[in-house]
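K.L.:
6 protein chains.
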Amino acid sequence: MNMSTNEIGVVRRNVARADRAATDRLAGFGVATVHEAMGRVGLMKPYLRPIYPGAQACGTAVTVLLHPGDNWMMHVVAEQIREGDVVVAALSADCSDGFFGDLLATSFRARGARGLVIDAGVRDVRDLTAMGFPVWSKAVSARGTVKATLGSVNIPVICAGTLVNPGDVVLADDDGVVVVPAADAAKTADAAAAREANEADKRRRLAAGEIGLDLYKMREALEKAGLKYLD
Amino acid sequence: MNMSTNEIGVVRRNVARADRAATDRLAGFGVATVHEAMGRVGLMKPYLRPIYPGAQACGTAVTVLLHPGDNWMMHVVAEQIREGDVVVAALSADCSDGFFGDLLATSFRARGARGLVIDAGVRDVRDLTAMGFPVWSKAVSARGTVKATLGSVNIPVICAGTLVNPGDVVLADDDGVVVVPAADAAKTADAAAAREANEADKRRRLAAGEIGLDLYKMREALEKAGLKYLD
Amino acid sequence: MNMSTNEIGVVRRNVARADRAATDRLAGFGVATVHEAMGRVGLMKPYLRPIYPGAQACGTAVTVLLHPGDNWMMHVVAEQIREGDVVVAALSADCSDGFFGDLLATSFRARGARGLVIDAGVRDVRDLTAMGFPVWSKAVSARGTVKATLGSVNIPVICAGTLVNPGDVVLADDDGVVVVPAADAAKTADAAAAREANEADKRRRLAAGEIGLDLYKMREALEKAGLKYLD
Amino acid sequence: MNMSTNEIGVVRRNVARADRAATDRLAGFGVATVHEAMGRVGLMKPYLRPIYPGAQACGTAVTVLLHPGDNWMMHVVAEQIREGDVVVAALSADCSDGFFGDLLATSFRARGARGLVIDAGVRDVRDLTAMGFPVWSKAVSARGTVKATLGSVNIPVICAGTLVNPGDVVLADDDGVVVVPAADAAKTADAAAAREANEADKRRRLAAGEIGLDLYKMREALEKAGLKYLD
Amino acid sequence: MNMSTNEIGVVRRNVARADRAATDRLAGFGVATVHEAMGRVGLMKPYLRPIYPGAQACGTAVTVLLHPGDNWMMHVVAEQIREGDVVVAALSADCSDGFFGDLLATSFRARGARGLVIDAGVRDVRDLTAMGFPVWSKAVSARGTVKATLGSVNIPVICAGTLVNPGDVVLADDDGVVVVPAADAAKTADAAAAREANEADKRRRLAAGEIGLDLYKMREALEKAGLKYLD
Amino acid sequence: MNMSTNEIGVVRRNVARADRAATDRLAGFGVATVHEAMGRVGLMKPYLRPIYPGAQACGTAVTVLLHPGDNWMMHVVAEQIREGDVVVAALSADCSDGFFGDLLATSFRARGARGLVIDAGVRDVRDLTAMGFPVWSKAVSARGTVKATLGSVNIPVICAGTLVNPGDVVLADDDGVVVVPAADAAKTADAAAAREANEADKRRRLAAGEIGLDLYKMREALEKAGLKYLD
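Residue numbers (the working numbering), protein chains in the order written: chain A, 3 to 233; chain B, 3 to 233; chain C, 3 to 233; chain D, 3 to 233; chain E, 3 to 233; chain F, 3 to 233.
As structure tokens, then:
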């Protein structure tokens with residue numbers, strides 16, 4: 003694929019999705035774990051928040067570039083959704099209008115979407131919550147949009163400060179949204195699993211009152227850095 | 003009425019409220035639906051948020067203009083509340099202090115208020131939630147206020163960017179707050195009903211997998227605008 | 003104690019905590035009540051929010067000064083926690099990264115901590131909610147931190163705009179966070195109790211429809227200030 | 003006039019402007035002085051800033067309501083400008099795009115405009131500065147706009163939190179923007195003049211080292227309020 | 003080149019720069035003109051501002067990815083600067099610290115840099131202004147940084163919401179910053195020239211009092227859209 | 003002194019100022035240099051900005067705690083100013099009103115003040131600029147204030163996130179504001195001088211094209227940290 007984040011008015015139909023099995027394995031981890039497993043990269047900015055507590059989604063990205071106040075392309079992207087996708091909607095400029103509500107959610111779900119990540123606002127949040135359709139947005143706003151200008155579908159987009167290529171894995175939960183490049187899905191799932199395997203034992207020891215200073219053997223490094231204890 | 007948003011130190015006692023039946027019909031719709039039915043106008047800015055999920059209120063506006071850090075006029079407006087009103091509190095300058103808590107809510111409710119919309123902060127949110135007294139505010143803050151300077155009651159005010167005349171209908175839910183001019187209440191309720199009548203069929207068709215592109219017949223307009231599909 | 007908010011690289015082990023009985027009496031009041039009882043001071047800025055509704059904590063402060071993107075000192079402060087403490091984490095510069103998650107919460111709880119107040123971000127909020135470990139933060143973010151630079155423990159810190167000395171009482175609920183100087187704990191609890199004793203009667207009278215204007219005898223002052231009633 | 007802030011798609015051609023002589027008298031005062039002379043009301047929010055230091059403008063308002071990302075109506079309002087007007091541009095939702103640049107400024111000036119107040123962004127600020135065309139905006143942004151949707155001209159608008167009726171006096175300088183209702187222009191100029199007459203003597207006495215506490219006779223009130231001096 | 007925005011710890015030495023002649027032609031246009039000539043894309047977010055009025059820069063991008071509070075890589079990128087470059091500094095998370103001051107500016111200039119675009123803070127702005135070294139930043143802050151963690155040089159970065167590939171043309175002035183993909187430099191310069199050729203005549207006609215409604219032949223479209231004129 | 007940041011209604015008359023000679027030596031350095039010389043602490047948050055480019059001030063702090071919308075205490079603090087002081091005004095809650103203008107500046111200057119640092123807004127900025135009276139504020143606003151509630155003078159305050167004790171040295175320039183504890187004035191001036199002595203030689207070498215990587219001998223540490231160079 004050779005598309006820029008600047009292309010306007012194109013819809014790419016055939017997108018290579020990340021491996022399904024690797025994607026589904028990633029669904030079993032938290033965003034924080036996966037972000038650490040990738041070397042502490044790939045997170046969207048924390049102003050994106052789930053519309054209800056406990057929202058969770060993992061799938062392959064179909065992307066859409068929208069213009070402020072115009073949700074026309076949300077209908078175009080609906081047709082490109084396949085089972086297991088998460089829609090990632092980027093904006094060409096800051097906007098908090100409500101680009102998405104219960105009718106679009108009904109359609110997205112019918113097409114197989116597992117959720118929506120949008121760098122703008124959404125509405126009908128009570129209905130979306132009742133449907134259990136997970137959305138991460140930067141605002142909730144009843145303000146409606148027009149259908150007048152072209153954006154693009156399945157081009158690379160920048161959403162909440164992070165580059166998303168169509169087909170990448172998008173994982174989202176209460177802690178935020180992380181993007182795993184399609185090619186890295188399997189190895190990231192492995193790294194996340196390794197990371198988590200470590201945690202059960204640590205949690206048990208910490209719960210028993212052991213101190214991280216000892217568990218992680220930090221005392222020497224702290225002393226070397228010059229930490230002084232006073233009484 | 004011939005009052006400006008600038009008048010200080012006046013309380014208007016007799017306010018013509020929007021028609022009660024029309025107001026109550028509006029209560030049956032969502033904020034997004036009513037905002038669209040009005041031609042996409044009348045919304046307050048989306049930084050106003052309900053203090054608990056699922057909050058809903060619809061009533062006729064009694065308005066109050068407050069100064070930063072001073073909630074004296076909240077006691078004055080309490081006396082002007084009638085059954086079915088929603089209090090709309092505007093500020094003469096930005097402030098996030100907690101102007102309202104459970105004692106005022108007890109009083110407002112006893113006077114017949116259905117809720118509060120305030121362009122500032124509130125406190126005692128756990129109690130307000132337990133009471134089921136709905137509030138839309140721009141902040142939650144324990145910071146208290148003094149009772150020292152005069153504002154006004156039942157003058158036109160600008161709340162979260164929107165002009166509210168006393169007697170207008172104020173409708174609020176999870177998606178935000180919309181103001182319907184008193185004279186437009188009935189026709190807006192009609193338009194909202196017409197809009198909603200359309201939606202059940204659409205929802206059914208979208209749920210069955212039909213695409214908005216076909217349902218709304220957008221394909222020709224998109225092609226004319228120059229949309230290109232790539233494989 | 004003679005430490006400044008600027009000291010870097012020190013850990014004070016022996017901190018005089020506020021009186022336990024007075025601290026526990028304060029736990030019975032809301033933040034708004036205590037803030038008023040102190041003369042309307044001591045509140046942290048309202049951008050600090052609980053990570054789940056209904057969070058409540060009251061304890062003696064152990065403080066930690068962190069640098070952006072670095073949570074090393076969170077492990078150092080863990081060792082200084084005693085039963086009944088609340089950890090107060092300040093930042094040397096603005097940062098919304100996730101400095102704290104379920105492993106640290108497990109450790110803090112095992113050490114006796116009743117909660118965390120942090121002028122930055124936290125993560126694993128679903129787990130923290132499930133654990134019932136209360137946190138007030140300015141952000142939720144999955145973004146992890148490094149362990150590379152020294153801060154300090156149990157020095158005076160400025161958290162969300164408020165000075166906190168180690169050993170002060172920290173009380174937090176849905177309305178925000180208030181700090182009571184250790185020496186004032188008992189008298190503040192007394193003042194809060196006196197304040198609350200008044201409220202039950204007021205609430206009953208307001209619920210019965212009495213107006214605050216009469217209850218608080220405000221009519222004369224309002225008239226003197228020039229308030230005019232119009233019909 | 004009987005127009006609401008919600009009307010879309012209308013242009014009112016005949017607007018009663020504030021008295022020219024009174025308007026020009028107001029031009030001789032600062033925004034702070036006029037705002038005080040009105041009883042401390044009428045100011046736009048302080049996020050509106052001049053695009054260059056020393057910008058100053060005073061004139062009668064022609065208003066325009068714009069939609070985000072669309073400056074079509076700026077061309078419509080240009081035709082309604084008369085000698086001595088200031089254009090006041092409000093937005094139906096938050097937007098920082100650059101709605102105005104040197105070509106429109108050339109046109110506005112040719113039509114007699116004395117400046118622009120806009121609740122959005124502008125561009126070509128170097129050219130505008132070179133022209134000496136004063137603008138107060140909430141952003142500078144090179145981002146361009148389309149010409150696709152209707153707004154309105156010469157309806158009441160809310161700009162930066164303040165209601166502006168067409169024909170009102172708009173006064174702007176380094177300190178911000180104040181709106182004087184057309185009917186109040188003359189009496190406000192009188193009040194401003196009275197206020198300023200007082201200031202020369204005060205300035206002289208303060209410059210000589212006299213204290214405001216004595217000049218304004220505040221000592222008694224401060225003592226009564228409980229102020230304590232400690233050594 | 004096949005690098006992601008996520009790579010940490012790499013420095014690419016050989017970067018294909020945009021054509022020098024095309025880059026220098028672009029230097030003759032304003033940011034707004036070039037952004038329009040590209041089809042209204044490529045702009046960084048408007049929160050980036052020049053540190054002094056009249057700042058102007060155009061060159062080929064050398065990019066650097068920094069971590070909050072750590073400017074170590076600024077020294078690494080200095081070595082990769084060639085005559086005619088503009089340094090583009092992106093951050094892995096939001097930070098307003100002062101990453102750059104007069105010593106680095108001296109070094110950058112000596113290496114041939116024409117300016118700096120940084121999604122963070124800078125300091126020594128009085129010296130930078132005296133030197134005439136142009137910088138676009140999101141903050142001015144005296145707060146210093148450490149030199150402890152690796153970022154990368156000459157990888158694709160996201161700066162103020164826009165993807166920048168090393169070698170792209172970066173043009174910046176009072177209106178903001180625009181990025182022209184290296185491959186598009188010549189054609190964009192052509193389009194900007196064509197656009198500007200049109201403007202002189204328009205400016206002359208507008209200055210003579212002609213209305214944009216006539217000059218751009220908008221009246222019919224406005225009427226068709228439903229615009230109504232009222233007296 | 004044993005005062006808290008919470009005391010309301012007190013004025014301390016006798017404040018031990020930092021040594022005059024040390025204070026004046028500090029005036030010769032930039033804020034960035036002094037902040038580094040102190041070990042990278044003591045800075046106020048960067049949202050405080052000078053009202054004109056090139057503003058510079060250094061003096062001993064007289065502090066005042068104000069309430070939102072009320073500048074009464076500005077007149078009280080005026081009397082406590084001595085030759086060589088800088089007034090530091092803190093707010094009990096966020097507010098951007100204009101607390102200070104040309105009359106107060108005239109008085110402050112007559113009393114010997116060298117400038118004002120205020121965590122709120124100021125007005126009359128054109129006059130203040132003409133007077134050359136330097137101010138660092140978080141906003142410019144024409145909005146006036148009342149004189150109704152007591153704050154305090156010469157108590158410890160938190161201004162823009164930093165604790166200031168009366169008598170501390172306050173140094174401010176284009177880069178921001180730094181606070182030097184009175185007891186540290188002399189040694190900080192020494193450290194700043196040492197720091198600056200180093201810079202002339204560095205600047206000369208960097209200007210000659212030497213790279214910081216060599217000048218600061220960073221290459222080995224970078225390699226050890228794992229930095230890889232690619233062609």
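Backbone N, C-alpha and C define an ideal beta-carbon position, used for all residues, glycine too.
Along the chain, which unbroken stretches of the beta strand (DSSP E) at least 3 residues long are found entirely within the segment 141-206 of chain E?
P.N.:
Listed in chain order, the complete beta strand (DSSP E) runs (minimum 3 residues) inside the segment 141-206 of chain E are 159-161, 164-166, 171-175, 178-182.
K.L.:
CB-CB under 6 Å to C:R145, same chain, minus the five flanking residues each way: which ones, in chain order?
P.N.:
In the third sequence, residue 145 of chain C corresponds to position 143, counting from 1. Excluding positions up to five away in sequence, the list reads D99, G100.
K.L.:
Alpha carbons only, please: which of A:P136, A:G153, A:I157 is nearest the one belonging to A:G178?
P.N.:
As a first step, residue 178 of chain A is located in the first sequence; it is residue number 176 there, counting from the start. A:G178 has its Cα closest to that of A:P136, out of A:P136, A:G153, A:I157.
K.L.:
Do A:L106 and A:H69 have their CB atoms nearer than 9 Å?
P.N.:
On the first sequence, position 104 is the one that residue 106 of chain A refers to. On the first sequence, position 67 is the one that residue 69 of chain A refers to. Against a cut-off of 9 Å, the Cβ pair of A:H69 and A:L106 comes out as no contact.
K.L.:
Starting from B:C60, follow its DSSP beta bridges and name the residues at the other end.
P.N.:
Position 58 of the second sequence, counted from the first residue, corresponds to residue 60 of chain B. In DSSP, B:C60 forms a bridge with B:L173.
K.L.:
For C:L105, go through chain A and note every residue whose CB falls closer than 9 Å to its CB, in chain order.
P.N.:
The residue given as residue 105 of chain C occupies position 103 in the third sequence. Chain A residues near C:L105: E201, K204, R205, L208, G214.
K.L.:
Tell me whether E:R111 sits in a helix, a strand or coil according to DSSP, three-state version.
P.N.:
Your numbering for residue 111 of chain E matches position 109 in the fifth sequence. Helix.
K.L.:
At what residue ranges does the segment 63-138 of chain A contain a whole run of the alpha helix (DSSP H), taking only runs of 4 or more?
P.N.:
Whole alpha helix (DSSP H) segments, 4+ residues: 74-82, 104-113, 127-133.
K.L.:
Determine the closest residue to D:V166 out of D:A91, D:V142, D:R207, with distance taken between C-alpha atoms.
P.N.:
Sequence index remark: in the fourth sequence, residue 166 of chain D carries index 164 (1-based). The candidate whose alpha carbon is nearest that of D:V166 is D:A91.
K.L.:
Put D:L232 into one of helix, strand or coil per three-state DSSP.
P.N.:
The count along the fourth sequence starts at 1 and reaches residue 232 of chain D at position 230. Strand, per DSSP.
K.L.:
Name the DSSP beta bridge partners of C:L45, please?
P.N.:
In the third sequence, the residue the question calls residue 45 of chain C occupies position 43. Its beta-bridge partners are C:V180.
K.L.:
Is the CB-CB distance between F:V17 and F:V180 below 9 Å?
P.N.:
In the sixth sequence, counting from the first residue as 1, residue 17 of chain F sits at position 15. In the sixth sequence, counting from the first residue as 1, residue 180 of chain F sits at position 178. No, the pair does not count as a contact, with Cβ atoms beyond the cut-off.
K.L.:
So is C:E38 buried or exposed if we call it buried at 16+ other beta carbons inside 10 Å?
P.N.:
The sequence position of residue 38 of chain C within the third sequence is 36, counting from 1. Answer is buried; the Cβ neighbour count reaches 16.
K.L.:
Flag this pair as yes or no: are the beta carbons of A:P158 and A:T7 separated by less than 9 Å?
P.N.:
Here residue 158 of chain A refers to the residue found at position 156 when the first sequence is read from its first residue. Here residue 7 of chain A refers to the residue found at position 5 when the first sequence is read from its first residue. Yes, they are a contact pair.
K.L.:
Under the rule that 16 or more other beta-carbon atoms within 10 Å means buried, what is A:G228, buried or exposed?
P.N.:
Taking the first sequence and counting its residues from 1, the one referred to as residue 228 of chain A is at position 226. A:G228 should be labelled exposed.
K.L.:
Between the Cα of B:T240 and the Cα atoms of B:S139, B:E198, B:D216, B:A194, which residue gives the shortest distance?
P.N.:
Since the first residue shown for chain B is 3 and the last is 233, residue 240 of chain B is missing from the structure and cannot be characterised.
K.L.:
Find the nearest neighbour of C:T151 within the set C:V127, C:R14, C:N200, C:G71, judged by alpha-carbon distance.
P.N.:
Sequence index remark: in the third sequence, residue 151 of chain C carries index 149 (1-based). When each option's Cα is compared against that of C:T151, the closest is C:G71.
K.L.:
Determine the burial state of F:D192: buried for a count of at least 16 other Cβ atoms within 10 Å of its Cβ, exposed for fewer.
P.N.:
Looking up residue 192 of chain F in the sixth sequence gives position 190. By the 10 Å Cβ count, F:D192 comes out exposed.
K.L.:
Is there a C-beta anywhere in chain A that falls below 9 Å from the one on C:T108?
P.N.:
As a first step, residue 108 of chain C must be located in the third sequence, where it is residue number 106. Chain A, which has a Cβ nearer than 9 Å to the Cβ of C:T108, makes this yes.
K.L.:
Leaving aside the five residues before and after F:T35 along the sequence, list all residues of the same chain whose C-beta is less than 7 Å from its C-beta, in chain order.
P.N.:
Sequence index remark: in the sixth sequence, residue 35 of chain F carries index 33 (1-based). A194, R197, E198.
K.L.:
Which residues does DSSP pair with F:R14 in a beta bridge?
P.N.:
As a working mapping, residue 14 of chain F is identified with position 12 in the sixth sequence. According to DSSP, which records beta bridges pairwise, F:R14 is partnered with D:L232.
K.L.:
Comparing alpha-carbon positions, which option in C:D96, C:D104, C:R51, C:R15 lies nearest C:G134?
P.N.:
Residue 134 of chain C sits at position 132 when you count from the first residue of the third sequence. Closest by alpha carbon: C:D104.
K.L.:
Mind checking if B:D99 is an interface residue toward chain F, Cβ cutoff 9 Å exclusive?
P.N.:
Here residue 99 of chain B refers to the residue found at position 97 when the second sequence is read from its first residue. Yes, contact with chain F.
K.L.:
Can you find a C-beta in chain B that's less than 9 Å from the C-beta of A:H69?
P.N.:
Taking the first residue of the first sequence as 1, we reach residue 69 of chain A at position 67. Cβ-Cβ to chain B under 9 Å: no for A:H69.
K.L.:
Can you list, in chain order, the residues of its chain with a C-beta nearer than 8 Å to that of A:L215? Leave out the 5 residues immediately preceding and following it.
P.N.:
By 1-based counting over the first sequence, the position of residue 215 of chain A is 213. Excluding sequence neighbours, A:L215 sits near R221, L224.
K.L.:
Thinking just about the alpha-carbon of each residue, which of E:R27, E:A59, E:A23, E:R15 is nearest to the one in E:D175?
P.N.:
Taking the fifth sequence and counting its residues from 1, the one referred to as residue 175 of chain E is at position 173. Checked all of E:R27, E:A59, E:A23, E:R15; the closest Cα to E:D175 is E:A59.
K.L.:
Considering Cα atoms alone, identify which of D:G117, D:Q82, D:C97 is closest to D:L173.
P.N.:
Here the question's residue 173 of chain D lines up with position 171 in the fourth sequence. Among D:G117, D:Q82, D:C97, the Cα nearest to that of D:L173 is on D:G117.
K.L.:
Below 9 Å between beta carbons is the criterion; list the residues of the segment 32-45 of chain F that meet it against any residue of chain C, in chain order.
P.N.:
Those would be M40, G41, R42, V43, G44, L45, in chain order.
K.L.:
Once DSSP output is grouped into helix, strand and coil, what is the label at B:R19?
P.N.:
If you number the second sequence from 1, residue 19 of chain B lands on position 17. Coil at B:R19, not helix or strand.
K.L.:
Mind checking who B:R51 pairs with in its DSSP beta bridge?
P.N.:
Here residue 51 of chain B refers to the residue found at position 49 of the second sequence. DSSP output for B:R51 lists B:S139 as bridge partner(s).
K.L.:
Does F:V181 have its Cβ less than 9 Å from a Cβ in chain B?
P.N.:
Counted from its first residue, the sixth sequence places residue 181 of chain F at position 179. Chain B contact via Cβ: absent.
K.L.:
Is there a C-beta anywhere in chain F that falls below 9 Å from the one on B:A150?
P.N.:
Locating residue 150 of chain B in the second sequence gives position 148, where the first residue counts as 1. B:A150 counts as touching chain F.
K.L.:
Using the beta-carbon of each residue, which ones in chain D are nearer than 9 Å to A:A95?
P.N.:
Residue 95 of chain A sits at position 93 when you count from the first residue of the first sequence. Residues of chain D passing the Cβ test: P70, G71, C97, S98, D99, S143, R145.
K.L.:
Just the C-alpha distance for E:D126 and B:T65, rounded to the nearest angstrom, thanks.
P.N.:
What you label residue 126 of chain E is simply residue 124 of the fifth sequence in a count that begins at 1. What you label residue 65 of chain B is simply residue 63 of the second sequence in a count that begins at 1. Cα to Cα, E:D126 sits roughly 50 Å from B:T65.
K.L.:
Who are the Cβ neighbours of A:W74 in its own chain at under 6 Å, not counting the five residues just before and after it?
P.N.:
Taking the first sequence and counting its residues from 1, one reaches residue 74 of chain A at position 72. Result list for A:W74: K149, in chain order.
K.L.:
If you check the beta carbons only, do F:W138 and F:M46 fall under 9 Å apart?
P.N.:
Within the sixth sequence, numbered from 1, the residue matching residue 138 of chain F stands at position 136. Within the sixth sequence, numbered from 1, the residue matching residue 46 of chain F stands at position 44. Yes.
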